[in-house]
Amino acid sequence: MPGTPYPKLQMHRIAYTKLTPQQILARLGPAATSGPASAAPPSDALAGKQLRIVTDKGLTLAYRFNGTRRLSVAENGGRSVDAGYGALTLDDVVLFSHLIPGTQRGYTVVVDRETNQATVFELWFSGYEDNREVQREIHYGYVEQPGQAAPAGRHAPTNRVEGKGFYWRQDTGTETLEFYPSAAYSHFVELSRTGGELGFSAPSDYVKIDDDLFICTRTECEFSGTFTLYVMDVNRAQQVGVRLGFDANDALDYYVFHGRGEWLGQIAQFEKFGDTAGDVVPPPAGAGKGARRIYRPLKTLPKMTKAEVDALVAVKTKVFDKPSPMAGNRGPSTGWLAGKTLTLRYDNGPVMDYRFDDAETLHWRKDGGGWTQARYEAWESMPGVILFGHLLEGEPNHDGHMIVADFDYGLVTCFNGYLNTPYFANEAGVKTLFGVIEMEGLVPPKYNRHHFTDEMLGRAVSWNYSPGLTSMHLYSTPHTVSWIIFTDSGAGGLEWSGPGAFVKIREGLYFLYWLEEACNGTLGTVLVNLRTMHDAGIGYHCGEEGLSLGQMGAHARHAGRFDITRFYQLKTRGDAA
Amino acid sequence: MTTERASTRRSFVKGGALLAAPLAVAAPAAAMAQDQRSTRLAPLEDEAAIRDLHQAWLRRVNSGEDTAGLFADPRRAAFEDRLRGVVADHTGAPDAIELARDGLSAAGRFACIVETEADLGEDCTLAQMAHAQGGGFIRQSERRVLNADYVKTKGVWAIAKVGFAAT
Numbered sequence: 004m005p006g007t008p009y010p011k012l013q014m015h016r017i018a019y020t021k022l023t024p025q026q027i028l029a030r031l032g033p034a035a036t037s038g039p040a041s042a043a044p045p046s047d048a049l050a051g052k053q054l055r056i057v058t059d060k061g062l063t064l065a066y067r068f069n070g071t072r073r074l075s076v077a078e079n080g081g082r083s084v085d086a087g088y089g090a091l092t093l094d095d096v097v098l099f100s101h102l103i104p105g106t107q108r109g110y111t112v113v114v115d116r117e118t119n120q121a122t123v124f125e126l127w128f129s130g131y132e133d134n135r136e137v138q139r140e141i142h143y144g145y146v147e148q149p150g151q152a153a154p155a156g157r158h159a160p161t162n163r164v165e166g167k168g169f170y171w172r173q174d175t176g177t178e179t180l181e182f183y184p185s186a187a188y189s190h191f192v193e194l195s196r197t198g199g200e201l202g203f204s205a206p207s208d209y210v211k212i213d214d215d216l217f218i219c220t221r222t223e224c225e226f227s228g229t230f231t232l233y234v235m236d237v238n239r240a241q242q243v244g245v246r247l248g249f250d251a252n253d254a255l256d257y258y259v260f261h262g263r264g265e266w267l268g269q270i271a272q273f274e275k276f277g278d279t280a281g282d283v284v285p286p287p288a289g290a291g292k293g294a295r296r297i298y299r300p301l302k303t304l305p306k307m308t309k310a311e312v313d314a315l316v317a318v319k320t321k322v323f324d325k326p327s328p329m330a331g332n333r334g335p336s337t338g339w340l341a342g343k344t345l346t347l348r349y350d351n352g353p354v355m356d357y358r359f360d361d362a363e364t365l366h367w368r369k370d371g372g373g374w375t376q377a378r379y380e381a382w383e384s385m386p387g388v389i390l391f392g393h394l395l396e397g398e399p400n401h402d403g404h405m406i407v408a409d410f411d412y413g414l415v416t417c418f419n420g421y422l423n424t425p426y427f428a429n430e431a432g433v434k435t436l437f438g439v440i441e442m443e444g445l446v447p448p449k450y451n452r453h454h455f456t457d458e459m460l461g462r463a464v465s466w467n468y469s470p471g472l473t474s475m476h477l478y479s480t481p482h483t484v485s486w487i488i489f490t491d492s493g494a495g496g497l498e499w500s501g502p503g504a505f506v507k508i509r510e511g512l513y514f515l516y517w518l519e520e521a522c523n524g525t526l527g528t529v530l531v532n533l534r535t536m537h538d539a540g541i542g543y544h545c546g547e548e549g550l551s552l553g554q555m556g557a558h559a560r561h562a563g564r565f566d567i568t569r570f571y572q573l574k575t576r577g578d579a580a
Numbered sequence: 002m003t004t005e006r007a008s009t010r011r012s013f014v015k016g017g018a019l020l021a022a023p024l025a026v027a028a029p030a031a032a033m034a035q036d037q038r039s040t041r042l043a044p045l046e047d048e049a050a051i052r053d054l055h056q057a058w059l060r061r062v063n064s065g066e067d068t069a070g071l072f073a074d075p076r077r078a079a080f081e082d083r084l085r086g087v088v089a090d091h092t093g094a095p096d097a098i099e100l101a102r103d104g105l106s107a108a109g110r111f112a113c114i115v116e117t118e119a120d121l122g123e124d125c126t127l128a129q130m131a132h133a134q135g136g137g138f139i140r141q142s143e144r145r146v147l148n149a150d151y152v153k154t155k156g157v158w159a160i161a162k163v164g165f166a167a168t
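So the sequence lines, in the order shown, correspond to chains A and B. Under the working numbering, think of the first position of the first sequence as 4, with each following residue one higher. Under the working numbering, think of the first position of the second sequence as 2, with each following residue one higher.
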């Protein structure tokens with residue numbers, strides 16, 4: 004029986020080997036000689052030709068192409084070295100890639116034969132503390148033509164790719180969904196390599212060649228460090244590209260590829276009209292070669308043991324204690340539950356009895372145990388639907404229940420957050436509990452329940468939590484929430500993502516969570532009302548400052564939707580072809 | 002007969018003496034007029050000096066320079082950290098400077114637009130990411146009234162205190 008398409012570990016859980024420069028050099032050696040692999044026959048567009056590329060930063064590269072696989076290159080007028088190369092064409096564009104033998108460096112060059120403009124991506128390993136992470140410096144320039152003046156124009160950074168999304172199928176068989184909701188990052192779902200359960204985010208470059216053709220890159224920072232670059236024709240949904248890096252088994256991936264795709268749609272941009280600027284998240288002034296701003300959340304996550312968590316939670320626990328920037332646009336809380344007594348009976352979880360003393364204090368008991376007092380807060384997001392949350396003091400994993408109860412239908416869903424998870428004890432985990440409400444005057448359904456939904460799949464929704472704090476969610480898989488942070492100009496900037504789930508409460512009302520796994524460890528839960536375009540939410544978090552339950556609230560804007568549902572239908576094996 | 006009208010020293014002295022009498026008589030009046038002019042000019046000069054002082058303060062605030070030297074007590078120069086700029090609001094009420102009777106203190110009232118920048122902090126993931134991309138600040142502009150008190154010491158005006166109020 005064939006195996007499943009899923010990896011043993013998702014990308015963010017793989018402990019990638021810290022390769023040494025020597026190990027990297029040894030692995031690059033053969034590829035430097037042979038050039039990148041290619042499923043397609045190599046292009047002969049450059050065979051027998053010589054090119055001298057001059058760039059604005061001063062780098063010059065003099066090439067002599069000996070056939071379709073070998074070249075010699077002289078950097079900055081230096082000595083020529085021989086290397087293997089691979090080239091592919093897309094319309095008038097030639098993309099070629101090679102390494103410099105005996106080094107951890109190489110170049111991928113994009114030449115537009117119509118304009119003679121050229122963009123050089125200088126690539127190298129061992130430029131960051133994680134040696135396997137490919138570094139890049141972009142050099143804009145042109146191909147020198149004897150007797151001709153240099154072209155005035157250049158390829159240039161752009162935000163014109165922002166908001167697009169494509170399905171790509173490479174000639175290697177690799178299938179991906181790739182989203183560009185930011186002008187500085189991208190989001191990708193590996194459909195074939197990892198089964199498409201989760202999407203991931205990576206710093207990216209976007210360079211405009213013309214209105215149809217763009218260069219996109221991504222570096223899988225915080226993961227394998229692999230670099231992917233391609234030229235894409237957004238009209239024809241075609242691409243040529245290169246992939247360079249080391250996979251989870253430390254094998255070298257170095258190949259050029261053709262790809263064909265499908266346009267998935269276009270979501271909104273939030274820059275001012277007329278703003279098409281790229282490089283929206285420039286590196287700090289004076290930063291060195293290849294510098295870029297990269298979100299590295301795992302580096303700053305305090306990593307705690309179970310004993311440390313238990314000791315901390317015992318002395319530092321905060322429940323709805325102070326206004327947070329994440330709740331600047333929260334709605335008013337409700338006292339509707341005050342004075343009520345009810346039971347939440349979960350099918351796949353505990354029976355929770357409640358006595359609501361007032362608008363902020365409740366008593367709970369689990370499975371008929373003893374009563375415990377807890378601080379809570381509640382919001383009525385839609386008439387008859389209450390979101391409330393509280394901690395379960397005394398539970399061994401410091402559980403928090405974030406609950407949506409629909410009193411018109413007698414249904415309840417709980418995102419049960421907990422700590423003491425396998426990777427870092429302070430990183431939140433979550434279970435989704437479905438059930439019914441039992442209380443006087445209410446007859447719950449026997450069979451009907453809230454249920455997971457794909458109605459949010461593909462949507463992008465911006466969230467303004469408070470002045471200066473706005474993000475956009477992208478729901479890229481049925482189990483992924485990605486979030487993009489806007490720059491001051493309204494461009495999409497840094498992006499990250501985590502596992503998530505979506506439960507339909509009512510038409511236009513969805514209860515969703517995201518888990519900041521290998522990030523900040525937070526469990527974010529929000530009840531999204533697409534009618535009011537407002538959410539009510541509760542964040543569950545444990546860090547060095549202790550365990551906290553805090554409110555969230557933001558105003559939403561619908562930014563559009565990618566048409567991706569078809570990629571997540573489970574099919575009888577063999578149907579996919 | 003020609004009457005010599007040429008002036009002689011004597012005649013000048015005489016004339017002077019003649020003139021001297023009225024001058025001597027007029028001296029208190031001139032002094033009085035001078036005093037009146039001074040009295041009239043002094044407030045105008047004070048007001049001009051205060052306006053110059055206000056402009057100097059604005060320039061320093063907007064360029065990020067230390068304003069302590071403009072204050073009678075440099076310790077009063079400290080201002081909220083989030084202030085990034087103050088510009089005149091020409092759509093607001095006219096500037097008003099009111100001098101005390103003794104001419105040694107004054108109060109100014111200036112319509113302005115205050116630009117502030119507040120650090121979002123790094124309490125949540127989004128704020129951390131905003132900082133990571135070089136942002137993480139809330140920038141706002143608000144119409145306010147700048148209320149300033151001034152004191153004159155040894156003939157020089159200095160700021161006693163400044164504060165903002167809602168329009």
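Beta carbons are placed, not taken as given, at the ideal position from N, Cα and C, and that holds for glycine.
Contact with chain B by residue i, beta-carbon distance below 8 Å
i	result
D282 (chain A)	no
H472 (chain A)	The amino acid at residue 472 (chain A) is misidentified as His; the sequence shows Leu. With 8 Å as the cut-off, L472 (chain A) counts as an interface residue toward chain B.
E136 (chain A)	no
E223 (chain A)	no
M329 (chain A)	yes
R116 (chain A)	no
Y170 (chain A)	no
L12 (chain A)	no
P39 (chain A)	no
W499 (chain A)	yes
P184 (chain A)	no
First and last residue of the uninterrupted beta strand (DSSP E) at residue i
i	result
A1 (chain B)	Because chain B in this structure spans residues 2 to 168, residue 1 (chain B) falls outside the shown range and cannot be described.
M475 (chain A)	L472 to T480
H561 (chain A)	H558 to R564
Exposed unless 16 or more other CB atoms sit within 10 angstroms - verdict on residue i
i	result
H91 (chain B)	exposed
K60 (chain A)	exposed
A43 (chain B)	exposed
L573 (chain A)	exposed
A30 (chain B)	exposed
P160 (chain A)	buried
H454 (chain A)	exposed
E498 (chain A)	buried
Residue from the options whose Cα sits closest to the Cα of residue i
i	options	result
D253 (chain A)	A:T23, A:L126, A:G563 and A:E147	A:T23
G122 (chain B)	A:S327, A:N79 and A:L31	A:S327
L530 (chain A)	A:C417, A:E117 and A:E430	A:C417
I488 (chain A)	A:A428, A:Q26, A:P399 and A:P184	A:P184
A43 (chain A)	A:Q173, A:G372, A:V123 and A:A18	A:Q173
Y513 (chain A)	A:G540, A:F427 and A:D215	A:G540
H190 (chain A)	A:E117, A:E223, A:G338 and A:V123	A:E223
D47 (chain A)	A:L98, A:I17 and A:P8	A:L98
R560 (chain A)	A:Y571, A:R569 and A:T535	A:T535
D282 (chain A)	A:E165, A:G228 and A:R196	A:E165
M355 (chain A)	A:S384, A:A408, A:F323 and A:L12	A:A408
H537 (chain A)	A:L126, A:G334 and A:A86	A:G334
Cβ of residue i within 8 Å of any chain A Cβ
i	result
A167 (chain B)	no
A149 (chain B)	no
T117 (chain B)	no
Q56 (chain B)	no
L121 (chain B)	yes
Start-to-end residues for the alpha helix (DSSP H) that takes in residue i
i	result
R196 (chain A)	L194 to T197
S75 (chain A)	Segment R73 to E78 is the beta strand (DSSP E) holding S75 (chain A); no alpha helix (DSSP H) there.
K309 (chain A)	K309 to V318
K153 (chain B)	Unbroken run through K153 (chain B) is the beta strand (DSSP E), F138 to T154; no alpha helix (DSSP H).
Which runs of the beta strand (DSSP E), 3 residues or longer, sit entirely within the stretch 366–454 of chain A?
-> 375–378, 380–385, 388–394, 403–409, 414–421 and 432–441
Which full runs of the beta strand (DSSP E) of 3+ residues lie inside the stretch 15–99 of chain A, going along the chain?
-> 53–58, 63–69, 73–78 and 83–93
In chain order, each beta strand (DSSP E) run of at least 3 residues that lies wholly inside the stretch 46–122 of chain B | 84–89, 97–100 and 106–120
Segments of 3+ residues assigned as beta strand (DSSP E) that fall wholly inside the stretch 471–551 of chain A | List check, beta strand (DSSP E) in window: 472–480, 483–489, 495–509, 512–518, 526–532 and 537–546.
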